[in-house]
Every structure is written in structure tokens, then in C-alpha cells.
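Residue numbers (our numbering): 473 to 905.
Note that beta-carbon positions come from the ideal geometry of N, C-alpha and C, so glycine has one too.
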């Protein structure tokens, strides 16, 4: 697979594994519960392609059940919850669960990806320190495939800002992975504050920034050309032009007009922090943020919390002053990539995003350079992942081929399923030589 090749987006709804039809009354494979069919005939027709992975799922489920039964019969000196894998007796159970998760990953269906994500999050809570299986390197890619950008950002920031010796890793009564609604447009330099942050997590953070950039650019470029003034015939012409604009802007190469990215990439002035050293994050001026983000951020809000997340304290609903989505904005929702933008369209639909887009351009170019300094092989392997796909590697050999292949394998689908992301990386790669 070369740069620019197209993956289809992962569908948000179940579909027939044989013909692709989407409807609410699909049949599910009773053996693996990973795929759906629109009819018994299509299930039979798909059996030669599906049977191998289906049997593997059933085998893994049986092994997990056997290991779980073995654990239930053990006499424990202490409660193992939260300390799995550090206790030798629990390792076979965790490995069996991971084998099940890997087989789930072979199914390219939303149900299977979501089931794999839920399984790995459960294992994270069983083994809070995540020292053995390094689940935190796999989970972000799954979240991004499911369109859970906000949840992914919260997950990344929790790991990036939680001290490695935090008591929450050993005390199950303390909050764990409890960060919610973090401000994804903020300065990214918190990634240097903890040693638990891995290359795949920086890669996921960059993809979130790219999705935000492309979505805001889509909104800006589309609706800057819209208008309804004039005669009815002019209004009709404007509406037709807007409809064409939505399609054109959503499908065109969005990487052609990004001077800030090109300039920063050519300068290559970003220095990556060593993995084992921490750097104090340098938060942006909150008042400057408020101006840049079109008053989305309060000038007195030093934590970067946005006004658009405020809810009515009496009933938990969003504030009543919000305007309903315009028909034009509603039509563009299927073209958007990030739920961070989609969930707040009601608040941002009338904003000017010029300065925010410019800041995201800078963040993207800097994160690209940081990743390149961490592992110089990675971008080339992502643009041509054919070798990584057939390699059997584990996340080791920092800065080398094994690490690069491992990160490509857990992140490539989320990148290729994001329209415009691979093209943008290809442009950056050419700019940096």
C-alpha cells in the first residue's frame, strides 16, 4: 500500500459482511459475534472467507474461559484486581485475553473494533500499571477508528500527565483513566511531562490535530463561500454553489494550501525531548487563546476549559442560548472527521477559525518533526506499510525498525481511514526531504 491509496472509512453501523448492506435487522454470526449478515444465504456464501477467523475467535474464547476458571479456583493472599500481570498467576489469563483481542482485530467491522476496544480497556483496569502488555499503545488507534477523538485525547493526556509512580496504579480506590472533555486545541507539550508516553501515542495525538485542522479548514473554506443575499434566483444559485462546495471541499486534496506547515517543516526547528527526560509544559497565554479561538476559550480560564462544554447545572443539558444547526452545517456533518468538531458544531458554526487553523498547522508540523526525531523510519514505513504488515514484531528496539513496524501496525488503519491525513504526511515528507 502506497501513500495516497484509499481505505474506506470504518462504517459506524453494522453491515452485511458479504454484500455490505446496512440495516437495523441484520443477523449476527452466533459463533464469533463479530460480523453480521442480511440473510442466511449470504452467511453461507461468506463461510469460506469467514470460517478461519471465526474458529480462532471461538478457540480464544474457550482459552479465556479456561484461564478464568483456573483463577477462580486459586486461593489469593490479596485482591489481584488492578495488579494483573505483575502477579505471575494472572499472566496466562492476560495473554489469553490479548490473543482474543488480536483475533478481533482481524475483523474490519465496527462491532469487532468496538469489542476489541472494550476488551483492552477492561484489561487496562485489571493491570493498571500496564507494564507487561503496553495496552496504552494499541487503544488510541482503536478509539480513532471508531471516531472517538475526544475519548482518545482524554486517554492520551491522562497517560501523558500522570506520574509514573502515582498511587493510582496500585490503589484501586483511586480514580483511573478519569480525565474527561480535555481541551484538544491546547498546547501539546504536556507529552514531555511523563515517561509513560510512547511513540504510538504521539502519533495518535498528531492524527487528532490533523483531523481538527482538516475539519476546521473544511468549515472555513466551505461557508466562507456561502451566502443567501439577493433575489430568490440568486439564493437558489448560492445554495447550489454551497452544495457543490461541500462535496468539492470534502474530497479535494486539502494539503495544497498550507504555507505554515510547509514553512515549519522546511525549517525543521523542533527538538524532541529525550524519552527519559521531562520538560515542563509551556501553556499558551489563555487570553491569546481566547482571541485565537473566536472566544471559544474564556480569557480567565487558565486550564484551557472551553465555554462550549458548559452545561446547565440544573438539568445537565446544554445551555439554552445555543442556536440550532443550520441546514448547511447539518449537510456537512457526514464529511467531518472528528467528533470533537461534530459534537460542538452548534457552538462553533458561526466562528472564524482562521487563527485556530494557523495554530493547528504549527502543532502538526512540530509534532511531525518530533516523531521523526524519535524514530526516523516511522513516516516512510507508514507511507508504505507493506513490510510492517508482514513483520512479526513487538514494541522494542527504540528508534529502530521493530518499534516503527509495531507502531505502524497499531495505527495505520486510523490514518488511512482519515481522508486527507496520508496526503498531508506525504507532503510533509517531501518538504523535509
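query	result
Exposure label - residue 853; buried when at least 16 CB within 10 Å	buried
For residue 499, the residue or residues it bridges with in DSSP	509
Cα-Cα separation between residue 874 and residue 672, rounded to whole angstroms	13 Å
Identity of the residues DSSP links to residue 435 by a beta bridge	The displayed coordinates of the chain run from 473 to 905. Any statement about residue 435 would go beyond what the structure contains.
For residue 500 and residue 508, the rounded distance between their alpha carbons	4 Å
Boundaries (first-last residue) of the alpha helix (DSSP H) holding residue 873	873-888
Exposure label - residue 617; buried when at least 16 CB within 10 Å	buried
Contact check, residue 812 vs residue 518, beta carbons under 7 Å	no
Distance between residue 658 and residue 693 (C-alpha atoms, nearest Å)	23 Å
Cross-strand partners of residue 488 (DSSP beta bridge)	508
First and last residue of the uninterrupted alpha helix (DSSP H) at residue 663	Element bounds for residue 663: n/a, residue is neither H nor E.
Distance between residue 584 and residue 525 (C-alpha atoms, nearest Å)	12 Å
Three-way DSSP call (helix, strand, coil) for residue 576 in this model	helix
Candidates 611, 561 and 796, of which the one nearest residue 822 by Cα	796
Span of the alpha helix (DSSP H), counted from its first residue to its last, around residue 640	No alpha helix (DSSP H) holds residue 640; DSSP gives it neither H nor E.
Alpha helix (DSSP H) segments (min. 4 residues) lying fully within the region 799-858	799-804, 811-814, 817-820, 826-846 and 850-855
Cα-Cα separation between residue 520 and residue 574, rounded to whole angstroms	21 Å
Top-ranked residue by Cα proximity to residue 648, from 631, 660 and 654	631
Alpha helix (DSSP H) segment containing residue 634, residue limits	Residue 634 -> no alpha helix (DSSP H), and no H or E assigned at all.
Anticipated Cβ contact below 8 Å, residue 628 with residue 677, distance rounded	6 Å
Alpha-carbon spacing of residue 807 relative to residue 855, whole angstroms	23 Å
Reference residue 555; option with closest CA among 530, 642 and 623	642
Alpha helix (DSSP H) segment containing residue 654, residue limits	That residue, residue 654, is in no alpha helix (DSSP H); it is neither H nor E in DSSP.
Three-state class that DSSP yields for residue 615 in the structure shown	helix
Cβ-based neighbour list, residue 879, same chain, cut-off 7 Å, excluding 5 preceding and 5 following	671, 672, 675 and 850
Residue 662 to residue 633 span [Cα, whole Å]	7 Å
Residue-level contact to chain C via CB, residue 629, 7 Å cutoff	You won't find chain C in this structure, because it holds only one protein chain.
Whether residue 568 touches residue 536 by CB criterion (7 Å)	yes
Which of helix, strand or coil DSSP assigns to residue 549	coil
N- and C-terminal bounds of the alpha helix (DSSP H) containing residue 797	No alpha helix (DSSP H) contains residue 797, which DSSP labels as neither H nor E.
Cβ-based burial, residue 650 [other Cβ within 10 Å; buried from 16]	exposed
Expected contact under 8 Å - CB spacing of residue 827 and residue 682 to nearest Å	That belief does not hold up - the Cβ atoms of residue 827 and residue 682 are roughly 18 Å apart, past 8 Å.
Residue 604, DSSP secondary structure in three states	coil
Close beta carbons around residue 679, own chain, < 8 Å, minus the five adjacent residues each side	616, 883, 886, 887, 890 and 893
For residue 656 and residue 809, the rounded distance between their alpha carbons	14 Å
Local conformation of residue 610 per DSSP, three classes	coil
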